[in-house]
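Remarks on the structure that follows.
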Amino acid sequence: QDPTAANDRLVVTFQLNEAGTAYCRATRSDSGETLLRINQILTANYGAEVLGPADTAYITIDGLEQRDAQGLYEAAQYGVYCWAKDSAVDTRQLVRPNYMLQDYVSAHVGPDTAAPAGGFTANVWITDSTPPTIIVVSREALAEDVIQVTLQLSEPGTLWCQIADKDSSPHTLTPGGLYCRDMDVSQAPSDPCYFETWVKGTPRTSGSTTFKAEVHQPYRDHDIDMNLIEKVTPTRAGRPLLAQYHYHVWCVAEDDWRLEAQFAPAPSPEFQAPSGPNRVQWSHAAAVRSAIGQVLTLDQTPPSWTAISGTQYAESVLTATMTLDELGTIWCLPVRQGFAEPSINEILQNNEYSASCGPSPDCTVTMQGLQPKTLYDIWCYTEDDNVYPQRPNGRKFAPAEVITLSTLDTTPPVLTIVSAESPISSDIRIKVRMEEPGTVFCNSFPTGTAYGPVDFDAVVAAGFQAFVGLPGQTPGGPINTNVEVVVAGLAEQTQYDTYCTAQDTSALLSVNKLTDPTTLSTMPAIGQITTLDQSPPVFTVLGAKGVAESAIAVTFRCNEACRAYCRVTRSDSGETSLSINRILKADYKADHAGGTAADQTIQLSRLEDDSSLPVLERGTLYDTYCWIRDEAVQHSCYASGAGAVCETLPRPNYQAQAYVDSAFGGAPPSTVTSPQGGKILHVRTPDTTPPSVIFIEAESTEETSITVTLQLDEPGTAYCKAYTITQGSSAGLYADLTAAVPVFKNTVTNWNNVYKNFEVKVSGLSMETKYYVYCTADDDELVEGATTIDPQPVQNNAAAPMLTESTGRFTLDLTPPAVSVVSIASASETTATVTLQLDEPGTAWCKAVRDRFDPPSINQIIAAGFRSETPSANLDFAVAIENLQRDTEYDVYCHARDRGTETDGVAPSAGNPGNDAAFDHVLTTKRDIHTMGDSTPPAVVSVTPVHQQTGADVNPVFRIVFNEDIQAGTGVVNFEAGGGTVLPLDITQANTGSCVQNSAKLMVILNTFTADFSPCAMQQLQVNMRYYVYFAAGVLKDNSLSGNSAPAFGSSNSYYFTTGTSR
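Per our numbering, the very first residue in the sequence shown carries number 48; after that it's consecutive.
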């Protein structure tokens, strides 16, 4: 049966086709098992036996295995596997059963259980017959019209809840008279308050009272929010819940057993859908209602004011009277008008309240300890009387509900003097403070003058005022803050007595003014103020002059007490202005008492007063810039008790940059009165130091002059002169250098050229002569200081004469030597020798070129390397030219160079080059020479057969090769056999074509001599015989005109060969 009849077991009904026993086992369909083995089925131990095919048996399965304590689960699907064996026996009646196969066991029963196809039945339901259990988790009112219950179900299903009116309802007076009261809910189906249908509510598009939750997983919290109560009388509707009202909540539930079983996939063949879900019963619903209990909706609406008023009670007391629309408490806090709106916490902390407030009677909040004559904004906050677990609802005044009141004013204002000062020359400014709105007046009178009696009207008459606590009126400010009254139109640097008075703006009874005694008492608290000096000082006397080589003195006087600062810069620096900051950085300063006090002096020795910097330079123009400030102070007083504490603050007045850059109106070194500015141009330091003459070098670039390179350390003129002997230091030497004709000098015209090289050329000297050069110099102080130095200089500063080089210096020899060719000869085939003379010591080079070739250049002559030196003038010396061709016509050219400038009779040092003869002079040295002809005898190059050769032919070809062409001389060529037989061959028969001595033909062709035995068969050389070949000198000669004889050959048996056995 599917679903099963019981909710904790399933029953398998079966028949077998023969007697036997069946076993079954169940497994949950959601276990994931897709196969149960036969052994597992047997282990479950659920079985039954049939005695024949007509028998029906039942197997009850109440667990996975019979031994398990846990039964099957309600509302769960199981797969059932069954296996059977028959009761067969053999002939001996011994048990021989036949078993179902595993494949049959695993096969599905199929749609027809009367003809099963296998032993497996899938998805058999264990019936669900138990209603769900509702578990109450919590309940609470979420709002004035919303109640929420949180529930759980013990199984999937649906929860419904409904609101019931309280039994003591003022709205429902009879059962079901309007709403269902808690006591009206019944278990009678015909009753409009029947618990099951009433709790499920009525669904509507608007005003639905169906409040439910679908539960898909058991034991999970589900919230059901209810905001309406069902009206059960015609016309039925859902009505909103009331705030702060007691309600009851009823809930029912049903499981989803029918839906779950009906719509499960792949049902078993015997499945029949269940008739319906399982619903909670009345007793359980009533128990849930009791567990939820009575629920009070929230009160979330703060009380509202229905009446608000305020009263000015006294100078320090205000009251506020109010009524509310419900019971509650009111707190109030007064704040100064215009101050920030107080927070609720600030109102509560003020702790001025009334707790007995409601619709009736009025309640009053009294606020004390306030400032008199002060306008207040009264802010109030109220809370209703809600108690825990509800929270009280509060409301603060809206801006439109704020009560604005002033405390009463019956006293004059309190005027507090804070301070006074004169920040500008025409004003005295007094800072005061008042504790209430009003007007402050001040006036100043010159100290020591008859300004008459001072009262309220005398102070007010000047019209210098400020407003306190009166927004929109200026000048002024809030109460209890500093307000400034400006008394204007005063005289500069003048002492004044100042008085202040005040009046309030009270409309409470009358305006209150300060009394005259109080007005008079303000003067000591303000103090006597002197107006500010704002005029910068000026120079009344100014000048500058150089007082030492490294110092400039500035003399000055001011129209008032002052401090002056000065700084110099070189006039040639390009600076046309010095900023005030740079003048201050120099830190050269002095103070002057002002007026007719004695002049003060500032002495400047450097660009800045810093010992690490160089001092000023002598004889140099400087521009001097001066700046001044006075010692002005600003007077201020601060009220202290009945009097004042007064002080001064430095407020010096400065001259502007334009004053510094304005010329003072005179010319240094003079001093002027009423100068126009602080700039003094071209102040010159005196120069009392002779110039330093710095010798750089001297050289002679001509035969008649020496050029001296010098430097001076200041502008001036340098003088030099050369002497053949050293000179003593004396005034006469200085006069000779600077005045005796000729004068050799050069001038450094300005400071830009000091320490720069310049030359003084001393001329009119003798060639190659040693001179001692003396130099001196004087500066230009006589001219430069005539108008710039006080007192004026009477002469230039002169330097002592100095010897430039203690060893002296020779003038140059720039004349090249003259070459005279004495003779030329060729003493060998490859050389030629030129005999020369020079007119001074030097070196000569010669070079030969083929006849009629272009003359060689001087460099080519020198590069040839054929040279010779002569230490004396006009003496013969020779230059040998080598590597020439024999018997050749040549042109020979020679070049010469002297030893340069001679120094003390010794060879010149390196860097003293000689003078080279000009190329035109080289051309005059051309000489012709023909080298000697051939004078060299020919030499043997090779001999055939080679020396000591064996096995030579008995008719050999004997051949000698020379290094040059040859010709026949006179004599014989001997072939001597080892036995002593000599075969002489006459050389004169050479080239005749005859067989000489019937043995060999002799031939002399070019550079080869040949004795050919092969054409002459009449006479052969002996076999196996050593032959010595030799001839005397002159038998052969070279083919030159000289006919140089070839040397003897084969002497002392030095050449031989040996013949073989045959040809």
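Quick reminder that beta carbons are idealized off the backbone N, C-alpha and C, glycines included. Computed from a prediction, not measured in an experiment: that's the story for all the values here.
| Query | Result |
| --- | --- |
| Enumerate in chain order the residues of its own chain whose CB-to-CB distance from VAL184 is below 7 angstroms, with the five nearest sequence positions on each side excluded. | THR197, LEU198, GLN199, ASP268 |
| Using CA coordinates, which residue listed in CYS767, ILE928, PRO838, ILE909 is at the minimum distance from LEU850? | CYS767 |
| So, for LYS808: in the same chain, excluding its five sequence neighbours on each side, which residues have a beta-carbon less than 7 angstroms away from its beta-carbon? | SER752, THR754, PHE791 |
| Give, in chain order, every unbroken run of the alpha helix (DSSP H) that is at least 4 residues long and sits entirely within the stretch 72-122. | 85-91 |
| Taking just the CA atoms, how far does LEU696 sit from ASP734? | 47 angstroms |
| Should ALA402 and TRP297 be called a contact, given that it needs their Cβ atoms to be closer than 7 angstroms? | no |
| So is ASP77 buried or exposed if we call it buried at 16+ other beta carbons inside 10 Å? | exposed |
| State the beta-bridge partners of TRP798 as determined by DSSP. | Note: TRP798 sits in no beta bridge, so no partner. |
| Please report the distance separating the alpha-carbon of THR816 from that of ALA633. | 59 angstroms |
| So what does MET369 bridge to, in DSSP terms? | ILE355, CYS410 |
| Mapping the DSSP letters down to three states, classify ARG336 as helix, strand or coil. | helix |
| Are at least three pairs of beta-carbons, each pair with one atom in the stretch 1013-1026 and one in the stretch 903-922, less than 8 angstroms apart? | no |
| Would you please state the rounded distance, in angstroms, between the beta carbons of ARG1006 and THR1057? I believe it to be under 8 angstroms. | 5 angstroms |
| What does the alpha-carbon distance come out to for the pair TYR125 and GLU317? | 13 angstroms |
| Return the bridge partner residues of THR197 from the DSSP annotation. | SER185, ASP270 |
| Taking a contact to mean a Cβ-Cβ separation below 7 angstroms, would you say LEU455 touches GLU362 in this structure? | yes |
| Report the partner residues of PRO697 according to the DSSP bridge assignment. | VAL680 |
| For the 8 angstroms Cβ check, are there 3 or more pairs between the stretch 540-550 and the stretch 433-441? | no |
| In the DSSP assignment, what are the bridge partners of ASP934? | Beta-bridge pairing links ASP934 to no other residue. |
| In three-state DSSP terms, what is LEU861? | coil |
| Evaluate the contact criterion for the stretch 828-836 versus the stretch 933-948: three or more CB pairs, one atom per stretch, below 8 angstroms. | no |
| Any chance the CB of ALA705 is under 6 angstroms from a heavy atom of the ligand MN? | The model depicted lacks the ligand MN and carries no ligand whatsoever. |
| Which residue marks the beginning of the beta strand (DSSP E) containing LEU1049, and which one marks its end? | 1047-1052 |
| Rounded to the nearest angstrom, what separates ARG336 and LEU371 at their Cα positions? | 38 angstroms |
| Helix or strand or just coil, what does DSSP make of LYS632? | helix |
| Taking all protein chains shown into account, do 16 or more other C-beta atoms lie within 10 angstroms of the C-beta of VAL841, making it buried, or fewer, making it exposed? | exposed |
| Shortest alpha-carbon distance to THR1114 belongs to which of PRO522, LEU288, ALA703, THR587? | One cannot answer for residue 1114 here, as it falls past the ends of the chain, which runs 48 to 1110. |
| At what residues does the alpha helix (DSSP H) containing TYR781 begin and finish? | 778-785 |
| Using only the alpha-carbon positions, how far apart do PRO50 and TYR120 sit? | 12 angstroms |
| Are the beta-carbon atoms of SER597 and VAL662 separated by less than 7 angstroms? | yes |
| When you compare only the Cα positions, how much space is there between ALA66 and ALA154? | 22 angstroms |
| Expressed to the nearest angstrom, what Euclidean distance is found between the alpha-carbon atoms of ALA101 and THR160? | 16 angstroms |
| Between ILE573 and CYS684, which are expected to be in contact by the criterion C-beta below 8 angstroms, what is the C-beta distance as a whole number of angstroms? | 6 angstroms |
| Return the CA-CA distance between ALA313 and VAL193, expressed in angstroms with no decimal places. | 45 angstroms |
| Whose C-alpha, out of LEU1088, THR1106, VAL1051, is nearest the C-alpha of LEU1068? | THR1106 |
| In the DSSP assignment, the alpha helix (DSSP H) including GLU243 goes from what residue to what residue? | 242-246 |
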